[in-house]
Each structure stands twice: as structure tokens, then as C-alpha cells.
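Novice:
In my numbering, the protein residues as written are 25 to 209.
(1) Measure how close the beta-carbons of residue 179 and residue 134 come, nearest whole angstrom, since I'm counting them as under 8 Å.
(2) Identify which residue in 208, 182, 190, 32 has its Cα closest to the Cα of residue 170.
(3) Just grab the DSSP bridge partners of residue 155 for me.
(4) Exposed or buried, residue 183, counting other C-beta atoms within 10 Å across all chains shown (16 or more means buried)?
(5) What are the boundary residues of the alpha helix (DSSP H) that residue 93 is part of?
(6) Could you tell me whether the stretch 142-157 touches the stretch 111-119, using the rule of 3 or more Cβ pairs below 8 Å?
(7) Within its chain, find whatever has a CB closer than 8 Å to the CB of residue 138; leave out the 5 residues flanking it on each side and keep chain order.
(8) So, do the stretch 88-98 and the stretch 120-135 have three or more beta carbon pairs nearer to each other than 8 Å?
(9) Rounded to the nearest angstrom, what separates residue 69 and residue 119 at their Cα positions?
(10) Tell me whether residue 41 sits in a helix, a strand or coil according to DSSP, three-state version.
(11) In terms of residues, what are the limits of the beta strand (DSSP E) holding residue 190?
(12) Going by the beta-carbon positions, is the gap between residue 188 and residue 177 smaller than 8 Å?
(13) Since residue 71 and residue 38 are thought to touch, with beta carbons under 8 Å apart, how far apart are those beta carbons, to the nearest angstrom?
(14) With a CB to CB cut of under 7 Å and the five nearest residues on each side skipped, what residues in its chain are close to residue 44?
(15) Nearest to residue 199 by CA position, among 190, 107, 174, 50, is which residue?
(16) Measure the alpha-carbon distance for residue 81 versus residue 191 and round it to whole angstroms.
(17) Exposed or buried, which one is residue 88 when buried takes at least 16 other CB atoms within 10 Å?
(18) Going by beta carbon distance, what residues of the same chain come within less than 6 Å of residue 155, once the five residues before and after it are set aside?
(19) Taking a contact to mean a Cβ-Cβ separation below 8 Å, would you say residue 161 touches residue 125 in this structure?
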């Protein structure tokens, strides 16, 4: 974890330091103490600027998750499959099949996202929940509309500088047990 991945701890430390140096200055009026207090106060917004400028590998994966959600909602099969490694043949086929069977409505929300990056920032596993309305396209599913909670474990790896999905598991939203990607659960 980067020091600035969450900006609040260093910002709070700087604020406390500013208060302490301000109190010390009020007792003995040394210019250096007030200068340090002011420098700490000036540094607080800089912490937030630096935090926004640094994008960690975990944040890169989170951005990919958001972009993947948008591609699925747009019903863009090709754009959706672009998030998958060419070696993820079964996963690509499952997603393409699923997108021909159902349409995901724009109300889908991706929540509870966690990303763990390993292997010198080249492999990541994300866990997330995606809850939304799925509308059947044909056959017995045609026109059927269901609000469905889902939970996923997605395995990512860096390929040619881009995060690509190479493993996809759908999990039961309550028990966490693996279920089929196209399961009606």
C-alpha cells in the first residue's frame, strides 16, 4: 500500500503536527515553530493532490472494473471481451453467451470492491458485488426481468501493459461458494 493511497492519515498527522507546533510557538514565540506549523498546514492539501496523481496498480484494476461495467451496460460484446485475455477462452465464451441471453440494465451497481495485487504488481485478484436488473432476450428468458445480486472473484494479469482478465468465478452472494457463471441463482 502506498503511503498516500488513503490521504487522510498523513493529512491528520500534519494537522496534529501543526497544532502541536502552534501550541509550542504560543508558549515561547520562536519563529521556526510557527513556520513549521504553517508548513504543515500548507502540506495538507498537497497530500490530496499527490494522492490523486498517484494511481496504484489496485486503483488501475478498479478503473478497469468500472470500464467493464460500462461496456456490459452498453451491451457492447466486443468491448466487453477486450477486457479478457485471449487465453481466457472459457471465460470469453461464457461472457459472450451470457450477453446473448440477457441484457444488463443501467441500474447495475458494482460495490464491495477489493483488489489484492501480487507478483510484483503483475497479477491481481478482485472481489466485487454486482447487483442489478437482468432482462432476458429470447426463448424462455424473453422479456423476463429480474433484479439479481451477484458476487464475483476476478483474476487479472498485466499483458502488454494492460490489465486483462484471465480467470472469472461467480460466487454465491451469501455463502461465497462457487456457482456457474450462467447460473440462474
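The C-beta atom is built at its ideal place from N, Cα and C for all residues, glycine as well.
Specialist: Result, derived from the coordinates:
(1) About 17 Å separates the two Cβ atoms, so there is no contact after all.
(2) For residue 170, the closest alpha carbon among the candidates 208, 182, 190, 32 is that of 208.
(3) 133, 173
(4) exposed
(5) 81-97
(6) no
(7) 150, 151, 152
(8) yes
(9) 43 Å
(10) Looking at residue 41 - three-state DSSP - the assignment turns out to be helix.
(11) Per DSSP, residue 190 belongs to the beta strand (DSSP E) from 186-195.
(12) no
(13) 7 Å
(14) none
(15) 174
(16) 18 Å
(17) buried
(18) 133, 173
(19) yes
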